[in-house]
Amino acid sequence: MTATTTKPTTLTTQEVPQRRLLVTEIPGPESRRLMARKSTAVAAGVATTMPVFAARAGGGIVVDVDGNQLVDLGSGIAVTTVGASAPRVVAAVQEQVAAFTHTCFMVTPYEGYVAVAEALNRLTPGDHAKRTALFNSGAEAVENAVKVARSHTGRQAVAVFDHAYHGRTNLTMAMTARNMPYKHGFGPFASEVYRAPLSYPFRDGGTDGVVAALRAIDVIEKQVGATNLAAVVIEPIQGEGGFIEPATGFLPTIATWCRDNGVVFIADEVQTGFARTGDWFACDREGVVPDLIVTAKGIAGGLPLSAVTGRAEIMDAAHAGGLGGTYGGNPLACAAALAAIETIEAEGLVQRARDIETLMLDRLRRIEARDARVGDVRGRGAMIAVELVQAGTDVPNPELTKAVAAAAHRQGVIVLTCGTYGNVLRFLPPLSISDKLLHVALDVLDTIFEAPR
Ligand code: PLZ
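By our numbering, the letter at position 369 of the sequence shown is numbered 1057, and the numbering carries on one by one without gaps.
Right, dumping it as structure tokens:
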């Protein structure tokens, strides 16, 4: 076993050596063999960002099946916020798996579920009485938040925003904005979903957040009618849509309008939650208190878990037996969540996300300063993006985005792309990554942008 540079008591790096290492071309022979098996066994619709198979992961490194060590700037799409195989998570899951794997909370409940609900009620924005219900995926939790809001209001319509992403189930496909790859050919979609314009500072000329919110509210009032509206659902910083942070004032203005009109304000913090943005939740930054908050991804260190947390009187509107599912709040996932939350608190990971923001924004803004194809560098915490354009314009440049990502992959850096126009490089490192590895990855990106065009 290669020695790590950290003491064994350090809970972030585990046994996985914390350095980038390429021992074969990417993808290596073993990954290529597995990709060939994948293409004959796995449905073509399930695509992969990289043709590289993972063997182990920890800290800021994913080790592939050929022994290459890749720097992880993706966290499996914002999931392994506390690190892959974070020690507390591993220990908690091992203990739970030996005790029992499943009983179904709806049959014979167990304490872990209740403890996760208590933790979420404590950590999420607002100090009002709250209730929580647990599910498996982000999409499933979004669906349930809408069910709860409809049950509470007796209304049906749901308002969402341009560039929104809420999932791949029928209702959440309807709520998601982008056709390819999420919706194309998969209709008909759920009804009573309406779309309002967003605040997108880079692309709306920096429109004031309150003005942008009033524009959205006007669309909702004219096209839907407040009294028909059960909920407004919004990602406080959009994820798949392009890491779009609405201008200051946008979220509070929408939230206030919702309160004044008896509309349930639902924050989809599936991607932004759990320290990712340098706050426990992205809503915290402007002091926005959602009626319901949807969480998943970073909640459980990689085990499948999601939640809806919110005002007790709204959450309790659904009749007994109206919410549930066989696996929702699975005991292993609950044990993992409690350990992930403990890790965030014990290791100061909210602050760590802010430090990562400072480091990454500084390095990326240096690239921006010398390269006119970088239209915008933005983001909060460890949720950072670079929007690429045709030099000196705001015309999206998805080709360059794809090329930069592919070059990074070949050089052992896992980066993801996003954005309605496919022109945003996004960075979601695990908070267990070292500054050193971040610099290694940014050095790689630096040279990619330097390369002759
Ligand atoms: N809401 C804000 O970001 C998931 C999707 C990856 P699930 N985002 C990653 C893909 O291509 O499928 C997401 C999100 C927001 C909801 C979801 C849905 O979460 O756990 O993927 O269902």
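Note that CB positions come from ideal geometry on N, CA and C, so glycine has one too.
query	result
Supposed contact pair Leu886 and Phe849 - C-beta distance, whole angstroms, cut 8 Å	4 Å
Buried or exposed by the 16-neighbour rule on C-beta atoms within 10 Å, applied to Arg776	buried
Environment of Lys695 [buried if 16+ CB atoms lie within 10 Å]	Only weak support is given to the placement of Lys695: the predicted model assigns it a pLDDT of 39, under 50, and the value that follows is read from those uncertain coordinates. Result: exposed.
Inter-residue Cα distance where the pair is Gln706 and Gly990	20 Å
Asp979 versus Ala988, Phe962, Thr1014, Pro940, residue with shortest Cα-Cα distance	Pro940
Contact belief for Ala963 with Ala1073 at Cβ below 8 Å, rounded distance in angstroms	At roughly 18 Å, the Cβ-Cβ gap does not stay under 8 Å, so Ala963 and Ala1073 are not in contact.
Residue(s) in a DSSP beta bridge with Thr997	Thr820, Ile981
Cβ-heavy atom distance, Ala787 to ligand 2, below 7 Å	Ligand 2 is not part of the structure shown, which contains ligand 1 as its ligands.
The segment 971–985 in contact with the segment 1007–1022 per 3-pair CB rule at 8 Å	no
Any heavy atom of ligand 1 nearer than 6 Å to the CB - residues listed	Ile765, Ser825, Gly826, Ala827, Val830, Tyr853, His854, Gly855, Arg856, Glu923, Gly927, Glu928, Asp956, Val958, Gln959, Ala984
Own chain residues within Cβ distance below 8 Å of Glu898, not counting five before or after	Per the sequence presented here, residue 898 reads as Val, with Glu not at that position. If we look at Val898 and ignore the five residues flanking it on each side, its Cβ neighbours are Gly937, Phe938, Thr941.
Distance, Tyr882 Cα to Glu1001 Cα	25 Å
Distance between beta carbons of Ala807 and Leu1116, contact taken as under 8 Å	Actually they are not in contact, since the Cβ atoms of Leu1116 and Ala807 sit about 23 Å apart, beyond 8 Å.
Within 8 Å, strictly: CB atoms of Ile1171 and Asp896	Since the first and last residues shown for the chain are 689 and 1141, residue 1171 lies out of range.
Contact set for Val836: own chain, Cβ-Cβ below 7 Å, skip 5 residues either direction	Leu980, Val996, Ile1002, Met1003, Ala1005, Ala1006
Cβ neighbour criterion (16 or more within 10 Å) applied to Gln1039	exposed
Segment limits, alpha helix (DSSP H) that includes Cys1022	1019–1034
Whole-number beta carbon distance between Gly747 and Ile1121, since they are thought to touch under 8 Å	6 Å
C-beta contact flag for Met1071 and Thr965 at 8 Å	yes
Sub-8 Å separation of Leu822 and Leu993 beta-carbons	yes
Residue ranges of each beta strand (DSSP E) within the segment 1067–1109, 3 or longer	1071–1076, 1104–1106
Three or more C-beta pairs below 8 Å linking the segment 1094–1110 and the segment 1054–1067	no
Cβ separation of Val846 and Ala901, assumed to be a contact under 8 Å, to the nearest whole Å	Going by Cβ atoms, the distance from Val846 to Ala901 rounds to 18 Å, so no, they are not a contact pair.
Proximity to Gly1067 [Cα-Cα], best of Asp1050, Val1077, Tyr1109	Asp1050
Rounded separation between Gln782 and Thr789 - CA only	10 Å
Helix, strand or coil at Leu758 [DSSP, three-state]	strand
Delimiting residues of the beta strand (DSSP E) encompassing Val881	881–884
Burial state of Gln911 (16 or more Cβ within 10 Å)	exposed
Cβ-Cβ distance between Gly927 and Thr769 below 8 Å	no
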